Amino acid sequence: MVMGTGQRRTKRGVPEGLWMSCPDCKATLYTKDVEQAQNVCPQCGHHFYISARRRLDSLLDQGSLEEWFTDVRPKDPLEFVDRKAYKDRLRAEQKKTDLNDAIVCGRGFIRGRPLAVCVTDSAFSMGSMGSVVGEMLVRSIERAIDLSLPIVIVSASGGGARMQEGILSLMQMAKVSAALGRLSRAGGLYISVLTNPTMGGVAASFASLGDICLAEPRALIGFAGPRTIWATVRIELPKGFQTSEFLLEHGFVDRIVSRHDMRGEISRIFDYCGK
Amino acid sequence: MEKIFQLPFEKPIYDLEAQLADLEAKSVSQFGVSDEVRRMRRELDNMKRKIYGNLTAWQTITVARHPNRPQTSDYIELVCDEFVELHGDKAFGDDRAIVTGFAKIGDYKVMLVGHQKGKTLKERNERLFGCAHPEGYRKAIAKMQLAAKYRVPIICLIDTPGAYPGIGAEERGQSQMIANNLLEMSLLETPIVCCVIGEGGSGGALGIGVGDRICMLQFAYYSVISPEGCSGILWKDGDGSKEKAAEALKLTSNHLSRLGIVDNVVEEPLGGAHRDHRSTAANLKAQLLRYLRELASQSGEQLVQNRYEKFRSMGVFEEGDPADVLANASA
Ligand SMILES: [Zn+2]
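For the record, the sequence lines run as chains A and B. With the first letter of the first sequence counted as 1, position 109 gets the number 109 in the UniProt record's numbering; the numbers rise by one all the way through. With the first letter of the second sequence counted as 1, position 327 gets the number 327 in the UniProt record's numbering; the numbers rise by one all the way through.
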């Protein structure tokens with residue numbers, strides 16, 4: 001639906017190579033140091049892209065992840081072809097990321113407490129939500145209800161709803177939101193973690209529906225892409241527009257939490273809301 | 001009908017209509033209608049049927065955006081016996097891009113929620129061409145919740161290019177409000193009927209689109225993104241590939257009913273809804289009444305359960321061992 005166009009964050013991932021530079025503080029960094037710091041700049045705290053699997057490693061108690069629905073794979077219901085066929089795009093994204101689609105789900109533990117957890121990966125088709133992402137989220141939410149687990153969903157989805165699956169992607173927004181409605185009625189806890197970037201149909205559905213919404217610092221989060229907004233209003237966008245800090249200021253985010261502190265923060269919320 | 005905005009592909013129709021009008025004027029003095037007039041009327045009907053039976057996806061978009069296409073306000077006038085508008089979102093302001101209020105349709109009292117684009121330039125500017133802000137979605141869900149309290153059925157008429165992309169909209173939580181609506185609509189214990197009457201633009205459309213029945217007018221469209229936006233992102237040529245994008249997105253009523261997203265397609269009169277508001281409204285009314293009758297006997301709990309399953313089943317993916325899937329495919 002919308003492409004994230006993080007002006008300051010055009011880098012999709014940590015570049016391969018021994019040295020890298022930080023787009024925020026411009027420091028030249030030893031790549032190993034950044035990786036060891038969960039892809040956070042040791043100088044200024046800039047949060048680089050981190051893959052869904054590595055995020056799960058850093059979030060969960062070591063080795064505690066039991067992955068769910070690992071054999072759900074995307075199809076090409078519209079036989080969509082733009083400059084490239086969706087089928088080919090999918091194959092290329094799968095090869096690049098070693099994922100079936102833009103999400104990893106499962107059960108894990110944080111400081112000994114069990115939870116359901118889903119993480120989208122912005123390296124796969126901009127982390128956009130098509131049928132597979134929607135389905136795996138709903139199944140995870142339903143399982144969280146059945147098992148009385150809290151659920152944490154980490155969004156990294158600049159692509160919003162995936163265009164190549166057309167209306168089916170749009171409907172995933174309603175489908176996942178409805179499942180969260182059930183969870184809420186059942187008294188389940190949902191913590192939404194917003195990371196860079198979270199836009200469009202993902203922002204306008206599950207990512208905004210947490211009982212608690214946490215955001216990594218300086219993430220790009222919004223409904224319409226900055227370019228679309230600029231094209232409509234034709235005035236300069238305010239500084240820091242559509243960042244985590246902007247959302248906090250306007251009352252749509254509860255806390256800004258650095259990647260290093262995320263485990264601790266989530267565990268503390270469980271202390272208050274856990275059963 | 002007086003002079004109306006003509007779409008490029010409609011030109012032969014308007015030309016023939018002009019010829020026919022001339023001929024009719026000439027034959028007024030004579031007895032009855034000449035064979036020639038009759039022949040031309042038949043030809044005109046055939047032409048309309050042929051042109052409108054073979055619209056490309058992009059042409060359908062232009063019909064859905066036709067400035068004379070009936071809007072929510074027209075249906076209020078032509079379908080409803082009474083309308084009591086309710087304006088308040090109780091938080092920020094009255095968003096004129098969405099209209100809400102009590103209405104009577106046949107024997108039913110309903111809550112009507114609809115995008116309104118506006119007809120004059122002044123009205124269009126006030127209503128931002130049906131592009132709602134967060135307060136519009138807040139107003140909509142507040143009125144729907146009010147309706148659910150008394151089991152008043154809800155009718156949502158969808159007609160928007162999309163939710164408004166602006167600074168204020170982001171500051172006031174466009175994502176948050178649309179997301180809230182999706183969640184809350186899924187829980188309302190009253191019948192919800194949605195119809196895409198013109199443009200079904202993405203999240204802005206879906207924000208009032210979670211219903212027990214979803215229908216659309218024949219030449220309306222419903223899409224995850226506008227063809228222009230899709231062209232810019234995937235073809236990277238601005239709106240240069242909007243026609244290709246419109247085709248690829250499968251956003252017409254034909255495709256959407258085949259995909260199982262739309263329950264019914266409401267037929268438009270020959271030559272499109274903009275040519276005949278009255279019969280379009282009659283067709284829509286008949287469909288809405290059928291739905292209201294069908295849903296009347298379901299308990300609130302049943303409605304919520306069925307609505308959940310309706311959306312739960314949307315999506316296409318494959319599952320299982322890839323080798324098995326291949327084997328099944330070739331079997
Ligand atoms: Zn830095």
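Every residue, glycine too, gets a C-beta built ideally from N, C-alpha and C. Remember, it's a predicted structure, so these values are computed and weren't measured experimentally.
A27 (chain A) has its Cβ nearer than 7 Å to a heavy atom of ligand 1.
With respect to chain A, the C-beta atom of L259 (chain B) has a partner C-beta closer than 8 Å. At a cut-off of 8 Å between beta-carbon atoms, C230 (chain B) makes contact with chain A.
Under DSSP, N264 (chain B) forms a beta bridge with B:C215. For K109 (chain B), DSSP records a beta bridge to B:K104. Remark: C-beta atoms of V152 (chain B) and T190 (chain B) approach each other more closely than 8 Å.
For the segment 63-96 of chain A, the beta-carbon criterion of a distance under 7 Å to any beta-carbon of chain B is satisfied by D71, V72, R73, P74, K75, P77, L78, F80, V81, D82 and R83.
Under the Cβ criterion of 8 Å, Y108 (chain B) is not counted among the residues facing chain A. Within the segment 171-188 of chain A, M171, Q172, M173, A174, K175, V176, S177, A178, A179, L180, G181, R182, S184 and R185 place their CB atoms closer than 9 Å to a CB of chain B, listed in sequence order. Checking the DSSP bridge columns, you'll see G114 (chain B) partnered with B:V99 and B:L157.
For the segment 292-319 of chain B, the beta-carbon criterion of a distance under 8 Å to any beta-carbon of chain A is satisfied by R307, Y308, F311, R312, M314, G315, V316, F317, E318 and E319. A check of alpha carbon separations from C156 (chain B) across B:E199, B:L256 and B:M111 identifies B:M111 as the nearest.
Distances between the C-beta of H47 (chain A) and the heavy atoms of ligand 1 are all 7 Å or more. DSSP places I51 (chain B) inside the alpha helix (DSSP H), whose first and last residues are D35 to G53.
F124 (chain A) has a beta carbon lying at 8 Å or more from every beta carbon in chain B. Against chain B, a Cβ distance below 7 Å from S131 (chain A) picks out G315, V316 and F317. Going by DSSP, N196 (chain A) is part of no alpha helix (DSSP H) but of the beta strand (DSSP E) stretching over Y190 to M199.
Between L194 (chain A) and S155 (chain A), the C-beta gap is smaller than 8 Å, which places the two residues in contact.
Counting only Cβ-Cβ distances below 9 Å, S253 (chain B) has no contacts in chain A at all, with the closest Cβ about 11 Å away.
With a threshold of 8 Å between beta carbons, L146 (chain B) makes no contact with chain A. Setting aside the 5 residues that flank it on each side, L292 (chain B) is surrounded in the same chain by Y108 and P153, each with a C-beta closer than 6 Å to its C-beta; the list follows chain order.
For S177 (chain A), the closest C-alpha among the options A:K26, A:G201, A:L65 and A:E165 is that of A:G201. With respect to E170 (chain B), Q242 (chain A) sits close: the two C-beta atoms are nearer than 8 Å.
Scanning the segment 135-190 of chain B from its first residue to its last, the whole beta strand (DSSP E) runs of 3-plus residues come out as 154-160. What T232 (chain A) touches in chain B, judged by beta-carbon distance under 7 Å, is P165 and G166, going in chain order. Under the DSSP assignment, W230 (chain A) falls in the alpha helix (DSSP H) whose first and last residues are P226 to V233.
Under a criterion of Cβ atoms nearer than 9 Å, the residues of chain A adjacent to A169 (chain B) are, in order, F223, A224 and I229. Under the Cβ distance rule, Q36 (chain A) does not count among the residues neighbouring chain B, no pair being separated by less than 8 Å. Uninterrupted alpha helix (DSSP H) stretches at least 4 residues long and entirely within the segment 97-154 of chain A occur at 131-146, given in chain order.
Using a CB distance cut-off of 8 Å, L209 (chain A) counts as an interface residue toward chain B. In this model, A245 (chain B) and E228 (chain B) are separated by some 8 Å (Cα to Cα). Across the structure, H277 (chain B) and E77 (chain B) are spaced so that their CA atoms are roughly 10 Å apart.
Residues G106 of the same chain have their beta carbon placed closer than 6 Å to that of E67 (chain A), with the five preceding and five following residues left out of the count. Taking a contact to require three or more Cβ pairs closer than 8 Å, the segment 170-187 of chain B and the segment 157-171 of chain A do not qualify as touching.
From the beta-carbon of L168 (chain A), the residues of chain B found nearer than 9 Å are V224, L259, I261, M314, G315 and V316.
V63 (chain B) is positioned such that its CB atom lies closer than 8 Å to that of G272 (chain B).
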